[in-house]
Structure formats: structure tokens, C-alpha cells
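A.B. asks: Take 1 as the starting number for the sequence shown in UniProt numbering and just add one per residue. In this text, a Cβ means the ideal position worked out from N, Cα and C, and glycines have one as well. Once you've had a glance at the structure underneath, I'll fire off some questions.
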Amino acid sequence: MQKKIILYLFFVVYMLSGSYIHAQKTYYVKTINEAAAPEFEKQGNYMEYIGTDTDEEDLFSKYTIDEFYQAYPTSNRTTLRNAFIMVTTSTEIVDDMLTTFPGIYTSIEDITDKLPELSYTPHYPGDYVVNATRTQNDTLVFDRKDLEYIDAPKAWGITDSINKVITIGISDAKVDDQSPELSGKVSYINPYGATFPVDCNIGSRTHGTGVSVIAAAKGDNNFITTGVCYDCDLIATNWSWPNTYPNLLLLAQNGAKVINMSWGLSTNVPPSQYSASSPYCSDQQECINEIVEDYGVVLVAAAGNFTSFDSNGLDLRYSYPASYDNVISVSGVNHWYTINNYPNANDDLIFFPPDDYYLRFIEDSVAELVSVDYTDTINYSDPTNPRGVYSQYWEPDETYMHTLNEMVDICAPGYSIPRHKNFEYGCDLDDDLGKYASGTSLATPIVTGTIALMFKLNECLLPNEVESILKLTTKDIEVLPVNTFAEGYIGAGKLETGNAVEFVHEMQKSDGNAVIKDHVFYRYEFDLEKFNNDVSIENVTFKDDVVVNFVANNSISLKEGTHLVPNSNGSITLKADNTINDVCVPSSRQVSQNNTQVFEKEDTTQKDKLTVYPNPTKGIITLSFNSKTDNIHTAQLFTIQGNLVMQYENYNYQKTPVLDISELTSGIYLLKVSTSKNSLFTHKIVLVK
Numbered sequence: 001m002q003k004k005i006i007l008y009l010f011f012v013v014y015m016l017s018g019s020y021i022h023a024q025k026t027y028y029v030k031t032i033n034e035a036a037a038p039e040f041e042k043q044g045n046y047m048e049y050i051g052t053d054t055d056e057e058d059l060f061s062k063y064t065i066d067e068f069y070q071a072y073p074t075s076n077r078t079t080l081r082n083a084f085i086m087v088t089t090s091t092e093i094v095d096d097m098l099t100t101f102p103g104i105y106t107s108i109e110d111i112t113d114k115l116p117e118l119s120y121t122p123h124y125p126g127d128y129v130v131n132a133t134r135t136q137n138d139t140l141v142f143d144r145k146d147l148e149y150i151d152a153p154k155a156w157g158i159t160d161s162i163n164k165v166i167t168i169g170i171s172d173a174k175v176d177d178q179s180p181e182l183s184g185k186v187s188y189i190n191p192y193g194a195t196f197p198v199d200c201n202i203g204s205r206t207h208g209t210g211v212s213v214i215a216a217a218k219g220d221n222n223f224i225t226t227g228v229c230y231d232c233d234l235i236a237t238n239w240s241w242p243n244t245y246p247n248l249l250l251l252a253q254n255g256a257k258v259i260n261m262s263w264g265l266s267t268n269v270p271p272s273q274y275s276a277s278s279p280y281c282s283d284q285q286e287c288i289n290e291i292v293e294d295y296g297v298v299l300v301a302a303a304g305n306f307t308s309f310d311s312n313g314l315d316l317r318y319s320y321p322a323s324y325d326n327v328i329s330v331s332g333v334n335h336w337y338t339i340n341n342y343p344n345a346n347d348d349l350i351f352f353p354p355d356d357y358y359l360r361f362i363e364d365s366v367a368e369l370v371s372v373d374y375t376d377t378i379n380y381s382d383p384t385n386p387r388g389v390y391s392q393y394w395e396p397d398e399t400y401m402h403t404l405n406e407m408v409d410i411c412a413p414g415y416s417i418p419r420h421k422n423f424e425y426g427c428d429l430d431d432d433l434g435k436y437a438s439g440t441s442l443a444t445p446i447v448t449g450t451i452a453l454m455f456k457l458n459e460c461l462l463p464n465e466v467e468s469i470l471k472l473t474t475k476d477i478e479v480l481p482v483n484t485f486a487e488g489y490i491g492a493g494k495l496e497t498g499n500a501v502e503f504v505h506e507m508q509k510s511d512g513n514a515v516i517k518d519h520v521f522y523r524y525e526f527d528l529e530k531f532n533n534d535v536s537i538e539n540v541t542f543k544d545d546v547v548v549n550f551v552a553n554n555s556i557s558l559k560e561g562t563h564l565v566p567n568s569n570g571s572i573t574l575k576a577d578n579t580i581n582d583v584c585v586p587s588s589r590q591v592s593q594n595n596t597q598v599f600e601k602e603d604t605t606q607k608d609k610l611t612v613y614p615n616p617t618k619g620i621i622t623l624s625f626n627s628k629t630d631n632i633h634t635a636q637l638f639t640i641q642g643n644l645v646m647q648y649e650n651y652n653y654q655k656t657p658v659l660d661i662s663e664l665t666s667g668i669y670l671l672k673v674s675t676s677k678n679s680l681f682t683h684k685i686v687l688v689k
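This is the structure in C-alpha cells:
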């Protein structure tokens, strides 16, 4: 889905804790095609040219090259396979390569300073907080009001009886698979080495563990806390720059259904300019598109922890990958207290100049601090009449509020979240300062875990369907007075895990009723065509640029308070189709031992052989079955996500039937063929138009 943007020009990069200072430069090299790239071999500490072109040999012999390798070796997309990483201390090599071989190298970009950071913000800055507002708890007891706030128990009540394990991808710092919360749940792709041990004093070595615990910590081991999807498995990859995005592709190719990215690169450059700013950035977007479009994997990323407001008002910031298309961008919302139910209010009011009082962690507020008039005993405790919000530290340039912008899709609990011991900068859990932390790093895996619970019910949901359901089931917090300052920048609303999972459940039931209620939607595209029974829309306004396309088997009911008022850019389509009978048939995509995607293998002991041609195809394929005693009986075509899209039966026992799949969209499909003697053959079909 393309997202509208506002243009800002200033560019800033924020880095992982501890500056990275490289003696070498890292370059992103684009060649005219994959075959044109120079060939190197590692000799000792450096790369040696081993190609046959004497001019190339002369050029590369003058320079020291530390690394040269293909950036996206597992991609199936041409533009990504033409990308390479070069690490060198010889900066003069760039001009030499471009000048000498203009027909080979289309661009060479310095990406040394484009390292993203893990999106974590310490909970209580020392110059900011006088004391915590919660009652101190035992170090082994974590108050999970955040899970209550999103109604996770409601979701668990629906999913607990389903014996299905969903795999969550973790792109992050090292994940400690020896933690009691994660043991037996974690597999790896390109894991960190033994020389990179977990250390709770070093954030880059522990952040991944804390994120993983929030998403999928065990729920029944009587140890500390529970994850959102506590019976999910994890597949983790190291957060190694500049291989971060290629490793995302590996996670998708090795079985992850949803990938968590609690990191990002922060900038004032909006997506329209950022993606087009260089081949390095545009290829990141293309990699994301491949993961979502070709593998049906959902990507979830932290929106960032830099406020979008300064002393002059709006100052939008963006984090990447969160602000790329096809990524669900997650910002934070508070969940601890209401204004009229604030503990020890007289003692815990926070005083800031100019002579204002503020309450912190107010439920449904996207700002950490809410201003109140302590002298006004009538309106002071009125949650519908806050005086304002506070988004700045004492110093004008030190701001604190999670990143908000028009690319944010949803808000989840992100302030004062229980953290695992090995989550960033500190081993002490003896008080609230150690036990709780804030940041979109923590909000993001809450959304990721929710999506995994949705997949437990229907593994065949497409990424755009997942995003639509998440948004349609949110609580509308943008209309609250406390959040009016951020209108247009907090996504569809606050995550409701219980509602989202219930919605998926009701979509599938033959007597189900999926409910959308109490919301105003003025943007986004909602495309859901698989309601097996009813849809009810109550007290909902679809207006302005919103695009709605719902198709239900039985009925779509518009109840009291519902208004359909799209403008010329929007549209509303509501249909009933009694032929709908959506049954999920999961794909046979498995985890590969060599980091490549594999499909269900045909029986190699069979003497009979099925040939499919042409493949890739533009729409017409022929099945040729070489058997003297058996014949083709049925052919079924599935999407890569496992949705049945075509079925062919009763070929009068033809051995070479012709299938027309030209009406389908381009992509990868799975063809399953059964014979009259119950032999099964499986082929991957690539449709190219």
C-alpha cells in the first residue's frame, strides 16, 4: 500500500550506543548485471582478483580490498542480485572503477555511516525523574498491565486450544537461547559467534533477548513473565550491518511468518525522497517488497524514539525500515494510569517549568507526560480535559516522545514495559528502574506476537489482510483530547490483541460475525474478501481517502452510527457472495538447512516422472506424466501462503493436460498433482507476465 507523505529535507542519522568508527570504508556497488561483477577470492586478510580481464586485474592490483561480496545472494530479483558490498581502505578505488569501467558499474555509494540502531530508550533518564510512581515489586514478579491493556488473555482463550506453532523471525542483537524463557524455542541463521557472548551491560549483545522475551517468552515455566505468543518458536539472525536486509530475506526463506525489527535509522527525510536517494536505499525497499510479495511474510518495525515535535512545533522524523512501504510501523502509547485514578497524586505530580504539573504514563496518551492544573480542583482529575502534553527534557534539544509521523500504522504499549534482565544496559532488576523500560523496541514485539497469534488461527492470511485486521480492530485514540496534537501521526489507533484475534476467528467460522465498531477511518486501504459468514459495522465512519472492499458469504450489516462518506480519492465496496468458503491450506514451505527456501519434495523413489513446462510461464503450462500404468487425476494450485486458487479434476486420465493460469497475478505458486493411484507430485511454478 502506498502511503502519503509530507516533505522535509534535513537528514540526521542516529547510531547504536557506542560510536562505530571504521578504518575502512564500506561501499554499495551496483553493476549493470550480475555476471559483470568482478571475481575475487580471499587470500589471507584481503581479496584477490581472480577474473580473466587484464584491465580489471591491473586496476584491482593497485588497491587493498578487505571484502567484496554479493549483497543479496538469495534474492530472486534481478536488481538485488546486481548489488555488492565492498569494504576497503583505498578510497581512490571508487573513482577509478567508475571512470575505467563506466559500462560495468552503474553506481558506487559510501554507506559507512548508514548503520541503523537498535530502537531502545532507557526508561528513566537521571535528569528527568525524581522517583517511580509504582509500588515496588519483587524482582521475580512483573506487573503485566500492558498485556491486560491489549486484552491478551482474550486472545489466548481463543488460540490456546490450537496445536500449531508459528515461527517468529527476530532481526536483532544476540538472542540468549539459554534463558529459561527461551530455551528450546530458538533456531539461528548466520548466528553470532562464541566470541560475542551475552552481556547485560552491553546493549548490542542483549537487546535481542529482551525483544524475544516480549514476543514469545514461555508462559508456563513459572519464571518471571510471559510473551504475547508464548508457544511460538523463534528463528533469529544476527544484526550484522551491512547484511541486515539480506538477512531479513533469509529469515523469510527459512520459515518465519512474521519478522520483528526493533531497530532503525532515523532521519528527517520522508520516504518519497529517502527511497529514491540512492540505489542502496531503493534496494532495501525492493528487498522488503520481495519478502512481502513473494514469501507472504509480515514485517513489523519500530517507529523510533526521537520525538516529532520541538519547541517550534512539528518536526517530523522517520525511521527506516519502519517508514518503508510494506512494513507495519509501530509507535508507543501509555497504559499504566488514568488521570482520575492516579496513585498518590499529591506526591507524584512532576513539576516542570514554566510552573506546570504533569502526570506520567496516562492510559491512551501517546505522550509520556500529561499536563494538569493542580490548582483547579474541578478539572484537575478530568481525563477528558487535560491541559496539554509535555514532550521535552530540560534542555531544548533533548526531546523525549516516541516517533510519530504519517507512516506510523499502529500504537502499542511502549512506556514502562517489564523488561528481561538481559535487555540493554543494566543487570540490576532490584527496583522499578531496572525492571521496566520504555521504547518502541518493546512496543514492536507486542504487535509481532499478536500477528503470530492471528497466524495460529489462519496461517494463510496475506500481509495486507493482517495489516487491515490490526487497524480495523484498534481502539480509536486519535479522537481523544489528550492526543489531538498528534492527529494524523499515530496510525489507526491502539493495538487490541484480543479484538484482532477474535476478528480472525469470526472471519473463519461458518456462523461467525466479524465486528468493526466505534472508530473513524479517513485513510488506509482495507481489502478483506474472505468472511465466511457475516460482518457487522457499528458506529463507524469511513470517510475521505479511505478505501474499503469487504466481501462476505452471508451479509454485511450497517448498524446505528455508521456513515460511509468517502471523497473522490476513496471508495466503499461491500458485497455478499455465497460461494465463499475460505479454508486455509498451509503451504509446505520448510526451514532449509542451507538457508534457501525449500518446498515439499516429490517421492524420489517413484519411477514415474511428472514434467511441467514452460516454467517460468506466461500463463499456459503443460503437465507431462511419464507412466505406463498411472494417470493424472487432480491438479491443485496454491499461493506461496497456502491459499488454494485453482483446482482441476477429471482429465479423462490425460497424461499431458494443459492448464491456463493466465488470470492469476505474477508470482510463485505451488502445484500439487495427484494421480489415479494416489501418487503425489509437487512443483514450484513461476508466473511472469
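Which whole-angstrom value is the C-beta distance of residue 552 and residue 527, which I expect to be below 8 Å?
C.D. replies: Residue 552 to residue 527, Cβ: 13 Å. No contact.
A.B. asks: Looking only at DSSP bridge pairs, what is residue 261 linked to?
C.D. replies: Residue 261 is bridged to 171, 301.
A.B. asks: Any idea which residues DSSP pairs residue 566 with across the strands?
C.D. replies: Answer is 544, bridged to residue 566.
A.B. asks: Which residue's Cα is closest to the Cα of residue 668: 437, 292, 634?
C.D. replies: The residue with the shortest Cα to Cα distance from residue 668 is 292.
A.B. asks: Distance check for residue 64 and residue 43, CA to CA, integer angstroms please.
C.D. replies: Near 11 Å, if we compare the C-alpha coordinates of residue 64 and residue 43.
A.B. asks: Compute the distance between the beta-carbons of residue 440 and residue 262, then report whether it is under 9 Å.
C.D. replies: The answer is yes: Cβ separation under 9 Å.
A.B. asks: First and last residue of the alpha helix (DSSP H) that includes residue 99?
C.D. replies: 93 to 100 is the span of the alpha helix (DSSP H), which, as asked, contains residue 99.
A.B. asks: Pull up the distance between the alpha-carbon of residue 67 and that of residue 414, whole angstroms please.
C.D. replies: If I take the Cα positions, the gap works out to 39 Å.
A.B. asks: Tell me which residues share the same chain as residue 582 and place their Cβ nearer than 6 Å to its Cβ, disregarding the 5 neighbours each side in the sequence.
C.D. replies: Closer than 6 Å at the Cβ level, and outside the excluded window around residue 582, lie 530, 532.
A.B. asks: What does the Cβ neighbour count give for residue 38, buried or exposed, with the cut at 16 atoms within 10 Å?
C.D. replies: It counts as buried.
A.B. asks: Counting only the same chain and skipping the five closest in sequence on each side, list residues whose C-beta sits under 7 Å from that of residue 558.
C.D. replies: The answer, listed in chain order, is 537.
A.B. asks: Does residue 130 pass the burial test, meaning 16 or more other C-beta atoms within 10 Å, or should it be called exposed?
C.D. replies: At residue 130 the pLDDT is 29, less than 50, meaning the model places this residue with poor confidence; the figure from the coordinates comes in the next sentence. Exposed is the call here.
A.B. asks: Does the beta-carbon of residue 61 have 16 or more other beta-carbons within 10 angstroms, so that it is buried, or is it exposed?
C.D. replies: By the neighbour-count rule (16 or more Cβ atoms within 10 Å), residue 61 is not buried but exposed.
A.B. asks: Which of the three DSSP states, helix, strand or coil, is assigned to residue 232?
C.D. replies: The answer is coil: DSSP assigns residue 232 none of H, G, I, E or B.
A.B. asks: Which of the three DSSP states is assigned to residue 361 in this structure?
C.D. replies: Residue state, collapsed to three classes: coil.
A.B. asks: Classify residue 613 as buried or exposed, calling it buried when 16 or more other Cβ atoms lie within 10 Å of its own Cβ.
C.D. replies: Exposed is the call here.
A.B. asks: What does DSSP give as the partner residue(s) for residue 32 in the beta ladder?
C.D. replies: Looking at the DSSP assignment, residue 32 forms no beta bridge with any residue, so it has no partner.
A.B. asks: Between 563, 478, 578, 566, which lies nearest to residue 510 when the distance is taken from Cα to Cα?
C.D. replies: For residue 510, the nearest C-alpha among the options comes from 578.
A.B. asks: Figure out for me which residue from 162, 90, 627, 55 has the closest Cα to the Cα of residue 46.
C.D. replies: Ranking 162, 90, 627, 55 by Cα distance to residue 46 puts 90 first.
A.B. asks: Across which residues does DSSP place residue 110 in a beta bridge pair?
C.D. replies: Answer is 27, bridged to residue 110.
A.B. asks: For residue 683, which of helix, strand or coil comes out of DSSP?
C.D. replies: In this structure, residue 683 counts as strand in the three-state DSSP scheme.
A.B. asks: Check whether the stretch 461 to 475 and the stretch 496 to 509 touch, using three or more Cβ-Cβ pairs below 8 Å as the test.
C.D. replies: A contact exists between the stretch 461 to 475 and the stretch 496 to 509.
A.B. asks: Using 8 Å as the Cβ pair cut-off and three pairs as the minimum, do the stretch 292 to 303 and the stretch 245 to 253 touch?
C.D. replies: Output reads yes: the stretch 245 to 253 touches the stretch 292 to 303.
A.B. asks: Go ahead and label residue 92 buried or exposed: buried means 16 or more other beta carbons lie within 10 angstroms of its beta carbon, across all protein chains shown.
C.D. replies: Exposed.
A.B. asks: Scan the stretch 413 to 501 and note each continuous alpha helix (DSSP H) run of 4 residues or more that stays entirely inside, going in chain order.
C.D. replies: The qualifying runs are 432 to 435, 440 to 457, 463 to 472.
A.B. asks: Quick check on this structure: which residue in 152, 179, 245 has the alpha carbon closest to the alpha carbon of residue 190?
C.D. replies: Nearest C-alpha to residue 190: 245.
A.B. asks: Using C-beta distances below 7 Å, list every residue in its chain close to residue 649, excluding the 5 sequence neighbours before and after it, in chain order.
C.D. replies: Once the five neighbours on either side are set aside, the close Cβ partners of residue 649 are 634.
A.B. asks: Pairing CB atoms from the stretch 101 to 118 with CB atoms from the stretch 23 to 37, are three or more of them under 8 Å?
C.D. replies: Judged by Cβ distances under 8 Å, the stretch 101 to 118 makes contact with the stretch 23 to 37, as three or more pairs qualify.
A.B. asks: Taking just the CA atoms, how far does residue 316 sit from residue 670?
C.D. replies: Approximately 43 Å between the Cα atoms of the pair.
A.B. asks: Could you tell me the alpha carbon to alpha carbon distance between residue 163 and residue 235, rounded to whole angstroms?
C.D. replies: Taking the straight line from one Cα to the other gives about 19 Å.
A.B. asks: I believe residue 452 touches residue 166 by the beta-carbon criterion, under 8 Å. Please report the beta-carbon distance rounded to the nearest angstrom.
C.D. replies: Their Cβ separation, rounded to whole angstroms, is 4 Å, which keeps residue 452 and residue 166 in contact under 8 Å.
A.B. asks: Answer yes or no: do residue 467 and residue 328 have a C-beta to C-beta separation smaller than 9 Å?
C.D. replies: For residue 467 and residue 328, yes; Cβs fall inside 9 Å.
A.B. asks: DSSP on residue 518, reduced to helix/strand/coil?
C.D. replies: Residue 518 falls in the strand class under three-state DSSP.
A.B. asks: Rounded to the nearest angstrom, how far is the Cβ of residue 332 from that of residue 412, given a contact under 8 Å?
C.D. replies: With 8 Å as the limit, residue 332 and residue 412 qualify as a contact, their Cβ atoms being about 7 Å apart.
A.B. asks: Can you tell me which of 438, 370, 442, 560 puts its alpha carbon nearest to the alpha carbon of residue 485?
C.D. replies: Ranking the options by Cα distance to residue 485, first place goes to 370.
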